[in-house]
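**Student:** Handing you this structure, nothing more for now.
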Amino acid sequence: MIHKTLSARVRDGVCMALGTIAIAQLSVGSALASVAAADTAATRTTSPIKHVIVIIGENRSFDHVFATYVPRHGESVWNLLSEGIIKADGTPGPNFARAAQSAASDPGGDAFLLNPAKSALPGNVLPAPLVGGPKDSYITNDSLKLAQQSENGLPADYYGFLVTGGTGQSSRTPDQRISNVSALPPGPFQLTNGDTFTYNSYAASPVHRFYQMWQQLDCSTAHATAQIPSGCDSALFSWVEVTVGAGANGIPQPANFSTEYGPGLLTTGEGSTALGFYNVQNGDAPYFKTLADHYAMSDNFHQSVNGGTGANHIMLGHGDAIFFTDGAGHAATPPHNIEVATGTANQGVVDEVENPNPAAGTNNWYTQDGYGGGSFGSPSYGGGSYTDCSDTSQPGVAPIVSYLKSLPRPINPRCEAGHYYLLNNYNPGYFGNGANAYTDTNSNNTVFTIPPSAVRSIGDSLLDAHISWKYYGDQWNNYVPDPYQLNYGAVGAATDEYCNICNPFQYDTSIMAHAGIRKAHIQDTSDLYNDIRNGTLPAVSFVKPSGLVDGHPASSKLNLFEGFTKKIVDMVKANPDLWKDTAIFITFDEGGGYYDSGYVQPLDYFGDGTRIPLLVVSPYTHPGHISHDYTDHVSILKFIERNWGLAPVTRRSRDNFPNPVVAPANPYVPLNTPALGDLFDLFDFGGSTL
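Note that the sequence shown covers residues 21 to 710 in the working numbering.
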């Protein structure tokens, strides 16, 4: 996936022969008793909800999707339109200046700055948004037949979107489909225009890495207002995009680097992609708008970690970050300017420790930051993605810790001494077949793999409580026998259909090292569809689309994720026995680096980040209700825990935070920060025993 993953490449279920009929009968009896206990535990709930399905798309902020959404009478929403930042037609509104983007200066030789000195953008216009995505499509010869063979997660009338919508232009050039592309005002702009850029068009992907997103938020108590007391004014989305982008893996900034596109100049390849939004009043995101109208939605749900896919899925599964270890759960120091993979094709000097301090002679070009270069049969290099945030002498740490301490209610960074936390995307410690991916030296593998983790997850909590659960990963069955993902079939080698970094349990020894648990609880979405049809769905389901239909900009489209979601919702509703006690949570891993105008609550060193959409589809939602309760990914864990009577995952996981207490004048900002809601306010359970 683009800007995502470096293509990836008993509790044991082994039974011993017991030899006697009596023991065999005892074993069967114990198994039946265990199943009965599991059934009882799964149905003993606080609410009428007996089945939770969590569908996780990719990389869209709340304003990016719902910028112009108008709620039904009696409800309110915080978006670009309600704030007067834009008008209903997508043009600048009377309060457009609230979202104005700035240029800034973080000179080389200085330290990473969270709130650098700012100035107006040159010419008072946005740097031109650049082209990203395929010229045609990712399906060979734009074949509808191959699209249908490659992906089983769409309704029949959505497959045409897989073979259409190409850019028709060269990547990394100004996107001529966008109206007024080279003279856009310095703030949010509408992507679609009903002509050259339609809702079905592929678009570029903004940067969404950890230190970049902290910097984009531009947090300082000097900016604090009653509405946004954290002082995060989100004024630097464009500047960070064009000055550093997705990281350079320790490579010096080229002499011909520029923040503006021009012949012979090298750029980050993004421009001001982050400021684009869709317009639901013009027909964009039609299915998600319909769900918002008829079920429930939050306008205060957030990505839980600044940065990208890996760290946010990890937080969703664990309520916490994970860290570099010796492979046995003990904190260790990751490779730091040393040679790795000696004697293999991947041999090279890497530095896996982040250093966002700008390199000498540059403006904000990070010294060491990236997903890692090489590997997969070539020398490895770069790769900064870990930080020991307990040590303020480490690059980038002091400004964030200082900001957290400066808040009226100081926030604990929650960084344990000597722990190098993973902030961005590295491959998980296990392949789908249970083999240790960190120690694998095959040239088709990558050295940028985190060792197996011992951090406890919600999966462990559910196992201990005998509550059924599964993680359904689209294309899992293709991935397990092909751990290096070499066989791409119809779509060619440019895509990564199964998302290994998206599976929070694929990092964990407690799940992956035990065949019985792994096979029972991690399955393909083809199994999901069968479980829905057959009435065998577990109590808790996490569902991840493939890279083709997850909605990720450039590698997918939002309409494809809508289709993936619609298939599941329609199937559940077609099974009355299942629909009557099910809640379907539809959200995203993170905002993808897109601008958002909402409040961001600092919870710890890792986040929160921007708002992302959360839709809840259930017979127990109040049609058109919009929740303002402050929540993030970990709130889904809190819902599961409250519904099934479970304790927080660990003593330090974020699900220990209290539910928000707010003042009537501002329901978005918890007075008892750090606080996270449990999502129960999105439902109307009537006479249930709450």
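Each residue gets a CB set at the ideal place from its N, CA and C atoms; glycine is no exception. Please read all numbers here as calculations on a predicted model, not as lab measurements.
(1) Considering Lys155, what are the terminal residues of the beta strand (DSSP E) in which it resides?
(2) Specify, as a first and last residue, the run of the beta strand (DSSP E) that His350 falls within.
(3) Assess, as a yes-or-no matter, whether the segment 183–191 is touched by the segment 527–537 under the definition of 3 or more beta carbon pairs within less than 8 Å.
(4) Return the bridge partner residues of Val636 from the DSSP annotation.
(5) For Val97, which residues in the same chain have their Cβ closer than 7 Å to its Cβ, ignoring the five residues on either side in sequence?
(6) Quick check: the segment 118–125 against the segment 253–273, are at least 3 beta-carbon pairs closer than 8 Å?
(7) Considering Lys138, what are the terminal residues of the alpha helix (DSSP H) in which it resides?
(8) Are there 16 or more other CB atoms within 10 angstroms of the CB of Ala305, so buried, or fewer, so exposed?
(9) Check whether the Cβ atoms of Ser395 and Thr329 sit closer than 9 Å, and answer yes or no.
(10) Alpha carbon to alpha carbon, how far is Pro524 from Gly403?
(11) At 3 residues or longer, and completely inside the segment 353–399: list those beta strand (DSSP E) runs for me, N to C.
(12) Please report the distance separating the alpha-carbon of Gly207 from that of Ala331.
(13) Along the beta strand (DSSP E) that carries Gly77, what are the first and last residues, could you check?
(14) Exposed or buried, His350, counting other C-beta atoms within 10 Å across all chains shown (16 or more means buried)?
(15) Once the 5 residues before and after Ile487 are set aside, which same chain residues still bring their CB inside 6 Å of it?
(16) If contact is defined by three or more beta carbon pairs under 8 Å, each pair taking one atom from either stretch, is the segment 423–440 in contact with the segment 200–214?
(17) Mapping DSSP to helix, strand and coil, what is Gly627?
(18) Please report the distance separating the alpha-carbon of Ala683 from that of His648.
(19) Applying the 10 Å Cβ sphere with the 16-neighbour rule, what's the burial state of Gly697?
(20) For Gly438, count neighbouring Cβ atoms within 10 angstroms of its own Cβ and tell me buried if that reaches 16, exposed if not.
(21) If we ignore side chains and look at the alpha-carbon of each, how far apart do Glu372 and Thr412 end up?
(22) Out of Ser225, Pro687, Tyr640 and Ala695, point me to the one whose CA is closest to Val72's CA.
(23) Please check the pair Thr607 and His322, which I expect to be a contact at CB under 8 Å, by giving their CB distance rounded to whole angstroms.
(24) By the three-class DSSP mapping on this structure, what secondary structure does Pro573 have?
(25) With a threshold of 6 Å on Cβ separation, who are the neighbours of Ser199 within its own chain once the five nearest residues in sequence on each side are excluded?
(26) Can you tell which of Ile604, Asn299 and Phe584 has the C-alpha that lies nearest to the C-alpha of Lys593?
(27) To the nearest angstrom, report how far apart Pro194 and Thr670 are at their CA atoms.
(28) Does DSSP classify Trp98 as helix, strand or coil?
(29) Could you give the DSSP three-state label for Lys490: helix, strand or coil?
(30) Buried or exposed, going by whether 16 or more other CB atoms sit within 10 Å of the CB of Pro433?
(31) Quick one: measure Cβ to Cβ for Ser81 and Asp609, integer angstroms, because I've assumed they're closer than 8 Å.
(32) Is Thr641 helix, strand or coil when you go by DSSP?
(33) What is the rounded straight-line gap between the Cα of Gly9 and the Cα of Asn269?
(34) Locate the beta strand (DSSP E) running through Ser125, then write down its first and last residues.
(35) Heavy atom of the ligand HEM less than 8 Å from the Cβ of Asn550, yes or no?
(36) Just curious, the alpha helix (DSSP H) that Lys564 is in, first and last residue?
**Tutor:** Once the coordinates are examined:
(1) No beta strand (DSSP E) holds Lys155; DSSP gives it neither H nor E.
(2) Taken as a continuous stretch (DSSP letters only), His350 belongs to no beta strand (DSSP E), as it is neither H nor E.
(3) no
(4) Ala316 and Phe605
(5) Tyr89, Pro91, Asp319 and Ile646
(6) yes
(7) From DSSP, Lys138 is part of no alpha helix (DSSP H) but of the beta strand (DSSP E) over Ala137 to Ala140.
(8) buried
(9) no
(10) 21 Å
(11) 356–360, 368–371, 375–378 and 386–388
(12) 28 Å
(13) His71 to Gly77
(14) exposed
(15) Ala61, Ala62, Ala559 and Trp664
(16) no
(17) strand
(18) 12 Å
(19) buried
(20) exposed
(21) 18 Å
(22) Tyr640
(23) With 8 Å as the limit, Thr607 and His322 do not qualify as a contact, their Cβ atoms being about 10 Å apart.
(24) coil
(25) Asn213
(26) Ile604
(27) 48 Å
(28) coil
(29) strand
(30) buried
(31) Not quite, the Cβ-Cβ distance comes to about 12 Å (not below 8 Å), so this is no contact.
(32) coil
(33) Outside the shown range of the chain (21 to 710) lies residue 9, about which nothing can therefore be said.
(34) Ser122 to Ser125
(35) What this structure holds is no ligand at all, so the ligand HEM is not there to describe.
(36) Counting along the chain, Lys564 falls outside any alpha helix (DSSP H), though it belongs to the beta strand (DSSP E) covering Val560 to Lys564.
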